[in-house]
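Residue numbers (the working numbering), protein chains in the order written: chain A, 1 to 415; chain B, 416 to 675. C-beta atoms are modelled at their ideal positions from N, C-alpha and C, and glycine is treated no differently. First comes the structure, then the notes that go with it.
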C-alpha cells in the first residue's frame, strides 16, 4: 500500500527568550551575533511515523507532547529542525478553525480565497459555494463580514471549506471542541464519508472516543516522541491512564470535607479528584416519588441533579454522569455543556431518566466536571453516590427492559 | 480523483487575482470614497507643486502639470509598493500560517496591488497629456514595457525588505526615511536635465527610478524614444537584484510562521 504521509526522524526546536523580532539597535549592540541568551525548547525530539494512503490515524497525548507542532510541520507550516516530511496527495488542513480569515472580508470572499489557497480554481470554488454555505448553516450571514460572526460560526465556515476542497490528505487539529453538538455530529459524519472515500486522515484530538470510533490506528505522543503506536483501543486506554495520573497529580492536597445530601462525606484525594477550579455540589438522586434515598425500582424514574459552580473565566465546561455496576461495568455514560456563571451564582444540571431499565442490583454513580476538550478534570466524585435498583433479581444482566414471558401450548395436529 | 485540475499556473493567476482584489477591498472597505482615496495624495501634491513651481518659484518647465504628474505617479507606485511590501509578511499572518500558501507571492502581490492604483490614475494622466500638449505621442505604446521594467526594478528590493522586516522591525521606519530622501533626489518636480548638469549627476545615474521617470516623460510628453541602453541596463540590474531578493526571501521564509 502506498504511503500518504511519511515523517522520518523529525525534530523541532523552538527558541524563545523575549520577543523574537529584534530591533536594529539590539542587532548592532550584539554585533549581529546571538549573544542574548535564548532558551531552547525541543517540541519534537525524534518522531517517525507513516500513514498509509486511505488510513485514519489519531494522535493522542498529553498537553505539550508536540501534537500540534507535528501536525503543523506536516501541513508545511514551518520546517523541521532535523528530519524529513513527505506528503503525497492534495492536502487540506483544519488548524485553529477560522484563524486564516480576515475579519473585514465577507464570508463569501473568505470562502473563495480559502478555496483558491487550498488548490481549487476560482470556478470550482464558486460551483461549490452553495454546498459550503449550506453545510456551515450560514445562508443568511454569508455576505456579512467575518467580524460579525460568532466563534462557532467562523469555525463552521472554516470546517466546511476545508472539507470541500477534494482533499486526499486531511489534517485535523482538535476541531470537535467547537460548535454545538448538532454540528459536531455533522463533522463526525463528514469524517466517516471521507474515510469511506479513501481520504487519508490524521487527527489530533483530546477526545479518545473520537479516535476509537474513527481511526484504524492511534499514536501516543509524549515528550516529543512517539511513545507507542497501536490499535485505537490500546492507545485510548493509555490516554485514559495518563489522564487519571494527571488528574491525581493536579488534585490539591487539602480541601474542606463536605457532606452530601445523601449523607456521605466528600474527602479530597479520597473520593474527590480534580483541580477544584470548578466544582460539583449537592448531587441529588431523586426517584419518581421525589424521595432522595438513592433507590429506585427497576424501570422507574430517576433524576440526577447537581449544582455546578463554574467561574466565568473557564467558559463552557462539560458535566458528565456515569452509572457503574458494582463490578465496574459502565452502564450509562452521558455528558452535557454548562456555561460559567458569575461569582455567587450556580447552574443546576438536571439529568432525567424517564425510565431506567437497569437490572436490579447495586450501582454507583460518578459525577465529573471537565474542560471543553476533556483535557482537564476540574472535579470528579467517585465512590460517593450509591444507587440501589430494586426488583426481582434475574441473573447477571445489565439491563432489564419491560418484558413479559408467555409459554404457548403445543399446537395440535402436525404430520 | 478524476476531476481535472486547473494547472499550477492557472491556480497562481487565480490566487494573485484574488489576493490583489482582497488587498484593494480591505484597504477601502468601510470608506465612502473608497478607491478614490488612492488618487488623492498624488493629486493634492500635484496641485501644490504646480502652484509653487509655476507661480512662486517658476522652473520654466513647459506643460508643468503633466510633467510633474508623470513623475509623481511613477514615484507613488514605487514608494507605496515598497512600503506595503515591507509589511506584507508581518501583516499577512492569516495567510502565512495557512498550509500550502505560497508565501513567495506576497511581495509581488503588494506591487501589483499598487499597480492597480497606478493604472486607475493612468486615464487622468493620458487625458491631461492630450489636453495640455494637444496630442498623445505614438511613443506612448511603450508604456506597458516601462511598467514591466519598473515592476522588475521594484521586485528585488521588495523581497529584501519583506524578508528583513520580519526579524528586524526597524526596516519599516528606516525605509520611510530613505524613501523621503530618495523622493527629493529624484527629478520628480524638477527637470531631470538640471540634475544631470549639476555636480550631483551621479545621484541621477545610479537612480533607476530617475531613469524610468525620464523614460515615461520621453514617451508621453516629449514624444521621443527613450534611451534603450539605460532601460536595458536597469532591467538587467533589476533582474539580478530580483533573483538575489527571492533567494534571500526563500531562505528566510520557513522562519516566518514562528516569527510572527
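Supposed contact pair residue j and residue i - C-beta distance, whole angstroms, cut 8 Å
i: residue 338 of chain A; j: residue 319 of chain A; result: 5 Å
i: residue 71 of chain A; j: residue 80 of chain A; result: Residue 71 of chain A to residue 80 of chain A, Cβ: 13 Å. No contact.
i: residue 94 of chain A; j: residue 51 of chain A; result: That belief does not hold up - the Cβ atoms of residue 94 of chain A and residue 51 of chain A are roughly 16 Å apart, past 8 Å.
i: residue 252 of chain A; j: residue 278 of chain A; result: Not quite, the Cβ-Cβ distance comes to about 13 Å (not below 8 Å), so this is no contact.
i: residue 321 of chain A; j: residue 351 of chain A; result: 5 Å
i: residue 10 of chain A; j: residue 77 of chain A; result: In fact, because the Cβ distance is near 14 Å, the residues do not count as touching under 8 Å.
i: residue 104 of chain A; j: residue 434 of chain B; result: About 14 Å separates the two Cβ atoms, so there is no contact after all.
Reduced DSSP category for residue i - H, G, I as helix; E, B as strand; rest coil
i: residue 330 of chain A; result: strand
i: residue 524 of chain B; result: helix
i: residue 35 of chain A; result: Any reading at residue 35 of chain A must be qualified, since the residue scores a pLDDT of 48, below 50, and its modelled position is unreliable; no value is offered.
i: residue 299 of chain A; result: coil
i: residue 110 of chain A; result: helix
i: residue 353 of chain A; result: strand
i: residue 190 of chain A; result: helix
i: residue 482 of chain B; result: helix
i: residue 201 of chain A; result: strand
i: residue 152 of chain A; result: helix
i: residue 42 of chain A; result: strand
i: residue 427 of chain B; result: helix
i: residue 509 of chain B; result: helix
i: residue 88 of chain A; result: coil
i: residue 209 of chain A; result: helix
i: residue 419 of chain B; result: With a pLDDT of only 41 at residue 419 of chain B, under the threshold of 50, the placement of this residue in the model should not be trusted, and no figure is reported.
i: residue 320 of chain A; result: strand
i: residue 173 of chain A; result: strand
i: residue 336 of chain A; result: strand
Cutoff 8 Å; reference residue i; Cβ partners in own chain excluding five residues on either side
i: residue 267 of chain A; result: 257
i: residue 260 of chain A; result: 266, 282, 283, 384 and 385
i: residue 221 of chain A; result: 47, 59, 60, 61, 65, 66, 67, 70 and 227
i: residue 153 of chain A; result: 136, 138 and 141
i: residue 543 of chain B; result: 480, 481 and 484
i: residue 657 of chain B; result: 567, 570, 571 and 574
Sequence-distant residues of its chain with Cβ nearer than 6 Å to residue i (five each side left out)
i: residue 411 of chain A; result: none
i: residue 557 of chain B; result: 634
i: residue 547 of chain B; result: 478 and 481
i: residue 356 of chain A; result: 302
i: residue 532 of chain B; result: 453
i: residue 624 of chain B; result: 493 and 601
i: residue 332 of chain A; result: 323
i: residue 664 of chain B; result: 574 and 578
i: residue 130 of chain A; result: none
i: residue 112 of chain A; result: 125
i: residue 307 of chain A; result: 281, 282, 346 and 348
i: residue 365 of chain A; result: 323, 385 and 387
Beta bridge counterpart(s) of residue i as assigned by DSSP
i: residue 308 of chain A; result: A:280 and A:347
i: residue 423 of chain A; result: Here chain A has residues from 1 to 415 only, and residue 423 of chain A is not among them.
i: residue 265 of chain A; result: A:259
i: residue 381 of chain A; result: A:272 and A:367
i: residue 50 of chain A; result: A:6
i: residue 416 of chain A; result: Any question about residue 416 of chain A goes unanswered here, given that chain A covers just 1 to 415.
i: residue 467 of chain A; result: In the structure displayed, chain A extends from 1 to 415; residue 467 of chain A sits before or after that span and is not available.
i: residue 325 of chain A; result: A:363
i: residue 491 of chain A; result: As displayed, chain A neither begins before 1 nor continues past 415, which places residue 491 of chain A out of reach and without an answer.
i: residue 116 of chain A; result: Answer is none; residue 116 of chain A lacks a bridge partner.
i: residue 11 of chain A; result: A:82
i: residue 58 of chain A; result: A:203 and A:218
Own chain residues within Cβ distance below 7 Å of residue i, not counting five before or after
i: residue 461 of chain B; result: 480, 483, 484 and 487
i: residue 164 of chain A; result: 128, 131 and 132
i: residue 511 of chain B; result: 504, 518, 671, 672 and 675
i: residue 225 of chain A; result: 45, 46 and 47
Option in the options with minimal Cα separation from residue i
i: residue 444 of chain B; options: A:87, A:111, A:70 and A:102; result: A:102
i: residue 53 of chain A; options: A:405, A:3 and A:204; result: A:3
i: residue 393 of chain A; options: A:370, A:362, A:372 and A:373; result: A:362
i: residue 573 of chain B; options: B:617, B:492, B:448 and B:475; result: B:492
i: residue 203 of chain A; options: A:360, A:366, A:213 and A:170; result: A:170
i: residue 560 of chain B; options: B:642, B:523 and B:582; result: B:642
i: residue 91 of chain A; options: A:59, A:407, A:118 and A:107; result: A:118
i: residue 390 of chain A; options: A:380, A:345, A:406 and A:358; result: A:358
i: residue 264 of chain A; options: A:336, A:387 and A:402; result: A:387
i: residue 588 of chain B; options: B:499, B:549, B:670 and B:566; result: B:499
i: residue 362 of chain B; options: B:661, B:604 and B:592; result: Outside the modelled stretch of chain B, which goes from 416 to 675, sits residue 362 of chain B, for which no answer is possible.
i: residue 537 of chain B; options: B:522, B:524, B:521 and B:555; result: B:555
i: residue 514 of chain B; options: A:105, A:249 and A:114; result: A:114
i: residue 647 of chain B; options: B:637, B:590, B:638 and B:565; result: B:565
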